[in-house]
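The numbering of the sequence shown is numbering that gives the first Met the number 0, which starts it at 0 and goes up by one.
We put the beta carbon where it would ideally sit given N, CA and C, even for glycine.
Heads up, the thing below is written out as structure tokens.
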Amino acid sequence: MKYSKKIAILLFVVGCFSSAKAQNFKATDPIAINQKVKKGVLPNGMTYYIYPTEVNKNTASYYIIQNVGSILENDQQKGLAHFLEHMAFNGTKHFEGKGILNTLQKQGAVFGKNINAYTSTDETVYNLDNIPSKDGGVVDTCLLVLHDWSNFLSLTNEEIDAERGVITEEWRTRQNSGARIYNQLAPYYYNNSLYAERMPIGDMEIVKNFKYQVLKDFYKDWYRPDLQAIAIVGDINADEIEAKIKKLFADIPTPVNPKKRFEIAIPERTEPTFKLALDKEISSSNISFMIRHNAEKVTNTFAELEKSTQRSIAFSILNNRLAELTQKQECPFKGAQIGYQSYSRLNDIWILNVSPKPEKQAEAFALVMNEWVRAYKFGFSKGEIERAVTETTSRYENYLDKVNEISHQQVIGMVKSDYLNHEIIADPAAEFEMAKSILKNIDTAILQEQISKLYSQQNRVVAVTGVESEENLTQEKAFDIIQKAENDASLQPYVDTFVTKSLMDGVNLKPGKIVSEKEIKEIGATTYILSNGAKVHYKFADKNKKTVNLQAESDGGTSLYNKQDIPSAQRCTEFAMKSGLGSFTQTDLNKILKGKLVSCNTGISSKTEFLVASGNVKDIETMMQLVYLNFKHPRFDKEQFLLMKQGYLNSLKNREKDINFKMMDSLSVAVYGKDNPQIHSLSPKYIEELSPDKMKAIYEDRFSDISNFEFEIVGDVTPEILKPLLEKYIASIEGVKRKESSKYKEPKRVSNKIKKEIFIEMETPKSTVKVSYYSKEIAYSQRNKILIYFLNDILKLRYTESLREKEGGTYGAFVSALAAKEPIPAFRLEISFDCDANRVDQLLPVLYQEMDKIKKGEIVSEDIEKTRTNYFKSKADRKNFNRYSIELLNRYIKENYNMDDPKNYEDIVKSVTAKDIQDFANLFLSKAETYEIVFKPKK
Ligand SMILES: [Zn+2]
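Take a look at the structure:
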């Protein structure tokens with residue numbers, strides 16, 4: 000949801016209110032432009048953006064942003080904008096056939112991850128992400144790709160024909176209940192305008208049968224420099240890139256008598272409309288009430304920032320109120336949001352969205368409508384406004400602290416707003432100055448005025464996604480609810496009862512000591528032993544500025560409990576977190592923490608209990624307090640237990656309608672059998688076994704032995720700051736002392752070799768194929784781990800070529816590998832794809848043929864080199880962020896493995912040969928337990 004039409008910043012996270020003097024601004028004062036961006040327009044009309052940043056060293060990202068989309072198609076062209084997107088990767092002037100993929104894969108790029116694209120109604124973007132930028136040749140290649148995308152797609156007949164199947168399969172994969180509901184609602188959302196008929200995926204009859212020239216004409220008509228921008232973001236020299244662009248893109252001709260790029264306004268409508276959409280596979284309802292507006296003219300001024308900031312504050316308070324309501328069992332909805340956002344090129348919307356609990360549609364809608372009316376009629380309390388202002392201020396401060404860590408994708412987001420919507424890329428510091436002056440003048444009258452204006456009488460739509468077996472909201476009832484809420488004389492202002500308190504109120508701390516300190520030379524870390532027996536491993540890292548991460552773990556987990564207690568063990572941390580902390584409810588805790596960037600969560604796995612926390616360094620003390628409270632003062636609130644239980648029961652309702660659940664359930668039964676005592680999935684019996692008393696007891700037991708926990712702390716924090724906090728908040732946690740280890744056992748499968756067809760009723764017939772290999776027989780080693788990933792990534796390349804491109808049989812095959820040391824050493828490889836049910840017999844053998852080739856040693860050497868290069872590049876990329884240091888410390892402590900030592904990674908990757916992969920494939924695939932499950936539509 001986009002509340003703010005200006006500030007990208009508001010979309011990111013979370014201080015204290017700076018009391019520095021605010022300047023005075025006039026409404027017409029322009030927002031200052033960010034000088035880091037180099038922007039220009041070539042003589043042929045193409046716009047370019049260059050943004051140098053070292054956030055990810057030695058890499059750059061290349062984008063072409065086209066002001067075209069499916070809205071420009073005529074009735075005979077439905078689906079061609081998206082078809083062209085696929086053709087961008089199937090041959091251009093300088094890159095024949097799969098030349099773009101091939102060339103960039105050799106630089107370590109991965110299709111779908113580093114090389115991607117999307118097409119929507121009004122914009123089309125193709126991109127290359129995080130490509131090595133220090134080799135001038137590679138930079139030139141990437142620019143040449145952008146150049147070819149602009150005007151030089153080959154569009155050969157053979158490649159066009161080959162892609163028809165892939166797109167039909169993409170349609171099949173995407174054609175779920177959500178898509179079918181959207182098709183029913185779109186005419187109402189868009190008031191029967193062209194938008195309702197221009198879903199980018201298009202019409203499959205056209206996709207299968209269009210004449211070649213129709214596609215070529217569409218390309219020529221719309222894909223031209225006056226409707227295109229390119230953007231290069233990354234570790235590059237802006238002047239050099241600009242010179243290259245001017246030279247390389249000069250040969251793209253200026254369009255002569257170009258077609259006018261039209262824009263569609265959704266027609267106005269006086270009478271409100273209503274639509275109830277139904278689908279057999281929908282398991283829970285949803286209600287949207289929206290009011291369309293003409294999009295506001297972008298001015299890039301102080302007045303505009305003021306308006307968007309005020310709206311953003313008002314809606315965030317309102318949404319907090321709605322979230323607060325969900326904390327009560329009797330609340331008729333699971334969740335609800337209200338906001339204002341841009342909708343299409345020429346329209347914005349005010350939108351109220353509710354997810355009702357089963358059979359509660361009318362009550363849910365009525366309650367949310369009341370909150371909306373209460374907000375604009377009576378406004379907001381001083382406390383609510385103060386907290387929202389603090390939060391906004393601290394988001395700005397945090398953004399400015401980390402301004403050099405803005406990702407390539409975030410920059411591209413701003414570029415797109417600039418090119419497509421004319422919202423300038425603002426200078427964040429200058430924008431913050433304006434924001435300060437706006438924030439200091441906010442009061443409830445201003446906020447009420449801002450949001451009331453959005454609630455107009457015309458262009459209203461209520462769209463309901465119903466459930467076939469429920470009593471669904473009717474038009475009459477919906478309109479009646481709206482009318483009653485608007486005229487409810489009994490409505491009272493919101494009462495804010497919250498009084499700010501300190502997090503540690505009433506807590507009596509007895510600080511402990513650090514009793515010993517030892518350096519871990521190999522990885523530049525330190526281990527502290529605390530007086531209560533806890534171990535803390537610490538490593539300084541400042542690749543991400545001013546952030547700190549903490550994790551703590553102890554052996555044990557749910558494996559220590561009886562079968563009937565396992566549901567309580569699995570859900571006890573969720574119960575505690577929903578209940579709040581210490582003397583505070585979750586709602587109060589959120590209010591106390593407003594403006595601070597901290598999080599702290601606990602969990603229990605089958606083998607361990609753990610705690611994960613993170614925060615801004617300036618909020619590190621708050622983070623440590625949360626850690627202390629999670630150990631010593633968890634909260635267990637019976638009301639929250641009942642709410643949780645109700646939520647689980649509701650999620651089971653109508654679950655049989657959802658085909659994804661049906662597949663998951665039937666897969667589990669096929670592999671592990673019915674009622675396997677080691678499988679604990681959500682069921683009425685599971686929910687019945689949950690006990691709040693047991694959950695409390697288990698939580699307290701799991702977190703009672705602090706001496707069994709090892710802490711790992713990584714971040715931009717010095718020992719001088721950290722050590723006193725450790726003594727105060729961690730060494731002070733008193734606990735029992737005991738020796739404990741996990742008793743985890745793998746669930747038993749019904750057989751080592753499972754092969755099964757499962758028939759499922761479905762609205763859009765398709766097959767889903769799932770094949771899995773699993774082995775506990777292979778020794779866990781760094782080398783074997785690397786080898787299974789080679790096998791995985793080579794298969795991915797093979798399946799893209801065979802199953803997708805050659806057969807046109809699927810939109811894509813997923814391949815995933817796992818090599819785990821915990822909870823038991825094991826290797827796993829899984830492959831799955833969707834396809835036409837009639838083609839399974841043709842496609843499944845292809846899946847196995849590719850494996851057999853590897854087993855026989857028929858491995859394409861380029862595949863090995865592409866994979867190897869990707870591993871070196873990915874590792875270098877990861878080192879640009881703190882998460883690398885977190886993993887480094889963790890693996891050293893847990894596995895005594897030093898990621899920085901080339902012997903453990905680079906040397907192995909370098910040495911892997913085709914023979915190694917072949918041998919590993921033979922060993923692993925022959926020892927593995929397997930299943931092959933094919934889901935088919937029930938006739
Ligand atoms: Zn596609």
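(1) Would you say the beta carbon of Glu-84 is closer than 7 angstroms to some non-hydrogen atom of ligand 1?
(2) Indicate the three-state DSSP secondary structure (helix, strand or coil) for Val-514 in the structure shown.
(3) Cα-Cα, which of Ser-706, Met-662, Tyr-493 and Tyr-527 is closest to Ile-757?
(4) How do the region 190-200 and the region 66-84 stand: do at least 3 beta-carbon pairs fall below 8 angstroms, yes or no?
(5) Taking the alpha carbon of Glu-362 as the point to measure from, which residue in Lys-476, Phe-702 and Lys-381 has its own alpha carbon closest?
(6) If you check the beta carbons only, do Ala-335 and Ile-180 fall under 8 angstroms apart?
(7) Looking only at C-alpha atoms, which of Thr-308, Tyr-395 and Ile-423 sits nearest to Gln-449?
(8) Is there contact between the region 376-390 and the region 485-503, where contact requires at least three CB pairs shorter than 8 angstroms?
(9) Leaving out five residues before and five after Glu-162 in sequence, what residues of the same chain have Cβ atoms less than 8 angstroms from its Cβ?
(10) Where are the alpha helix (DSSP H) runs, 4 residues long or more, that stay fully inside the region 140-175, in chain order?
(11) From Ala-59 to Ser-741, what does the alpha carbon distance come to, in whole angstroms?
(12) Taking buried to mean at least 16 other C-beta atoms within 10 Å of its own C-beta, is Ser-860 buried or exposed?
(13) Would you call the region 716-736 and the region 558-577 in contact, with 3 or more CB pairs under 8 angstroms?
(14) With a CB to CB cut of under 7 angstroms and the five nearest residues on each side skipped, what residues in its chain are close to Glu-638?
(15) Answer yes if the region 115-133 comes into contact with the region 169-189, meaning at least three C-beta pairs across the two stretches below 8 angstroms, and no otherwise.
(16) How about Glu-168: is its Cβ closer than 7 angstroms to a heavy atom in ligand 1?
(17) Just to confirm before moving on: does the CB-CB distance between Ser-578 and Asp-504 stay below 8 angstroms?
(18) Please state whether DSSP places Glu-552 in a helix, a strand or coil.
(19) Where does Thr-300 sit, in a helix, a strand or coil, going by DSSP?
(20) Take the Cβ of Phe-813 as the centre, count every other Cβ of all protein chains shown within 10 Å, and call the residue buried at 16 or more, exposed below.
(21) Going by beta carbon distance, what residues of the same chain come within less than 8 angstroms of Gln-75, once the five residues before and after it are set aside?
(22) Determine the DSSP secondary structure at Tyr-537, reduced to helix, strand or coil.
(23) Return helix, strand or coil for Val-466, following the three-state DSSP convention.
(24) Which whole-angstrom value describes the C-beta separation of Leu-345 and Ile-263, a residue pair presumed to lie in contact below a C-beta threshold of 8 angstroms?
(25) Just to confirm my understanding: we take Ser-771, look at its own chain, exclude 5 residues before and 5 after, and list those with CB closer than 6 angstroms. What are they?
(26) Can you tell me the Cβ-Cβ gap for Gly-581 and Val-506, rounded? I've got them flagged as a contact below 8 angstroms.
(27) Please confirm whether any heavy atom of ligand 1 lies closer than 7 angstroms to the CB of Lys-81.
(28) Relative to the alpha-carbon of Ala-995, which residue among Lys-754, Leu-641 and Asn-659 has its alpha-carbon at the smallest distance?
(29) Taking the straight line between their C-alpha atoms, what separation do you get for Asp-238 and Ser-436?
(30) Is the number of C-beta pairs between the region 714-734 and the region 671-685 that are closer than 8 angstroms three or more?
(31) Identify which residue in Thr-525, Asp-426, Gly-523 and Ala-778 has its Cα closest to the Cα of Asn-33.
(32) Touching or not, the region 816-834 and the region 770-784, by the rule of three or more beta carbon pairs under 8 angstroms?
(33) Among Phe-789, Ala-540 and Pro-566, which one has its Cα closest to the Cα of Lys-909?
(34) Given a threshold of 16 other Cβ atoms within 10 Å of its Cβ, counted over all protein chains shown, does Lys-937 qualify as buried or as exposed?
(35) In chain order, which continuous runs of the beta strand (DSSP E) of length 3 or greater are located wholly inside the region 49-86?
(36) Can you give the beta carbon distance from Thr-253 to Gly-96, rounded, assuming they're within the 8 angstroms contact cut?
Quick answer:
(1) Under cutoff, so the answer is yes.
(2) Correct three-state label for Val-514: strand.
(3) That would be Met-662, whose Cα lies nearest to the Cα of Ile-757.
(4) Yes: at least three Cβ pairs fall under 8 angstroms.
(5) Ranking Lys-476, Phe-702 and Lys-381 by Cα distance to Glu-362 puts Lys-476 first.
(6) The answer is no: Cβ separation not under 8 angstroms.
(7) Answer by Cα proximity: Thr-308.
(8) Yes, the region 376-390 touches the region 485-503.
(9) Cβ neighbours of Glu-162 beyond the five flanking positions: Phe-82, His-85, Met-86, Asn-89 and Gly-807.
(10) You should have 156-173.
(11) When only Cα atoms are considered, Ala-59 and Ser-741 end up about 46 angstroms apart.
(12) Exposed, since its Cβ has fewer than 16 Cβ neighbours within 10 Å.
(13) Touching, no, given that fewer than three Cβ pairs across the two stretches are closer than 8 angstroms.
(14) Within the same chain, Cβ atoms closer than 7 angstroms to the Cβ of Glu-638 are found at Gln-328, the five residues on either side in sequence being excluded.
(15) These segments do not touch.
(16) Glu-168: no, Cβ never under 7 angstroms from ligand 1.
(17) For Ser-578 and Asp-504, no; Cβs fall outside 8 angstroms.
(18) In the structure shown, Glu-552 falls within a strand segment according to DSSP collapsed to helix, strand and coil.
(19) If DSSP states are grouped into helix, strand and coil, Thr-300 belongs with the strands.
(20) In this structure Phe-813 is exposed. Its beta-carbon is surrounded by fewer than 16 other beta-carbon atoms within 10 angstroms.
(21) A distance below 8 angstroms between beta-carbons, with the five flanking residues on each side excluded, links Gln-75 to the following residues of its chain, in chain order: Ile-205, Phe-209 and Val-213.
(22) Note: Tyr-537 maps to strand in three-state DSSP.
(23) It is coil, neither helix nor strand.
(24) Between Ile-263 and Leu-345 the Cβ distance is about 7 angstroms, and since that is below 8 angstroms, they are a contact.
(25) Excluding sequence neighbours, Ser-771 sits near Glu-829 and Tyr-930.
(26) Indeed, because the Cβ distance is near 7 angstroms, the residues count as touching under 8 angstroms.
(27) Sequence inspection shows His at residue 81; the Lys mentioned does not correspond to that position. Yes, the beta carbon of His-81 sits closer than 7 angstroms to at least one heavy atom of ligand 1.
(28) As shown, the chain starts at 0 and ends at 938. That puts residue 995 outside it, with no answer to give.
(29) Just so you know, the alpha carbons of Asp-238 and Ser-436 end up roughly 36 angstroms apart.
(30) No, because fewer than three Cβ pairs between the region 714-734 and the region 671-685 fall closer than 8 angstroms, the two stretches do not touch.
(31) The shortest C-alpha separation from Asn-33 is found at Asp-426.
(32) Flag = yes, the region 816-834 and the region 770-784 touch.
(33) Considering only alpha carbons, the answer is Phe-789.
(34) Exposed.
(35) You should have 58-65.
(36) Not really, about 30 angstroms apart at Cβ, beyond 8 angstroms.
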